[in-house]
């Protein structure tokens, strides 16, 4: 965990890789719950037997499930102390180069790309790369936009 005492310390880290979060196993239960929440019940995600005969050899997580894990996967990478709150603002670019098979472990790495002043405080743009354990290709690469309120 990289801890910044102030926003100014965070600003000084612009351009740096901040580290990696812990590994997280993607389970079939998690995929099924996401399918229920989003009403996306494609067989490649939830029909285990059919998916075993499919192009990936088993069920895969939804790409947007992988993206939705970003806050969880990076929660232990860095923190900014002495602020009121941080808010997710959106994403600029998102790609899913490699599917995440159910049972795979993923983790997030964070690079601080930009910090700008806005009315509420600071807007951060981070590059988050979600790695799949044992794979050369990442599951997701996204520019995440956040706001920090001092």
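In the UniProt record's numbering, the protein residues as written are 1 to 150. The beta-carbon is built from N, C-alpha and C at its ideal position, and this holds for glycine as well. From a predicted model like this one, the values you see are computed outputs, not experimental measurements.
Give the DSSP bridge partners of residue i, in chain order.
i	result
residue 91	144
residue 5	The partner list for residue 5 (beta bridge, DSSP) is empty, contrary to what the question assumes.
residue 24	106
residue 62	Paired residues: none, contrary to the question.
Among the residues of its own chain, which have a CB less than 6 Å from the CB of residue i, if the five just before and after it don't count?
i	result
residue 13	112
residue 54	44
residue 19	2, 77
Please report the residue range of the beta strand (DSSP E) in which residue i lies.
i	result
residue 131	121-132
residue 117	105-118
residue 54	First-last for residue 54: undefined, no H or E at that position.
For residue i, count the other beta carbons within 10 Å of its own beta carbon; 16 or more makes it buried, fewer makes it exposed. Which is it?
i	result
residue 72	exposed
residue 42	exposed
residue 124	buried
residue 21	buried
residue 126	buried
residue 150	exposed
residue 131	buried
residue 148	buried
Tell me which residues share the same chain as residue i and place their Cβ nearer than 8 Å to its Cβ, disregarding the 5 neighbours each side in the sequence.
i	result
residue 24	69, 72, 73, 105, 106, 107
Excluding the 5 residues preceding and the 5 following residue i in the sequence, name in chain order all residues of the same chain whose CB lies nearer than 7 Å to its CB.
i	result
residue 142	67, 70, 91, 93, 94, 128
residue 58	51, 52, 101, 102
Provide the residue span of the alpha helix (DSSP H) that contains residue i, from first to last.
i	result
residue 31	28-38
residue 80	Segment 78-80 is the beta strand (DSSP E) holding residue 80; no alpha helix (DSSP H) there.
residue 135	Run containing residue 135: none; DSSP gives neither H nor E here.
residue 46	43-46
Please report whether the beta-carbon of residue i lies at a distance below 7 Å from any beta-carbon of chain C.
i	result
residue 84	The chain inventory of the structure shown lacks chain C, comprising one protein chain alone.
Within the chosen definition, does the region 1-16 reach the region 79-87 through at least 3 CB pairs nearer than 8 Å? yes
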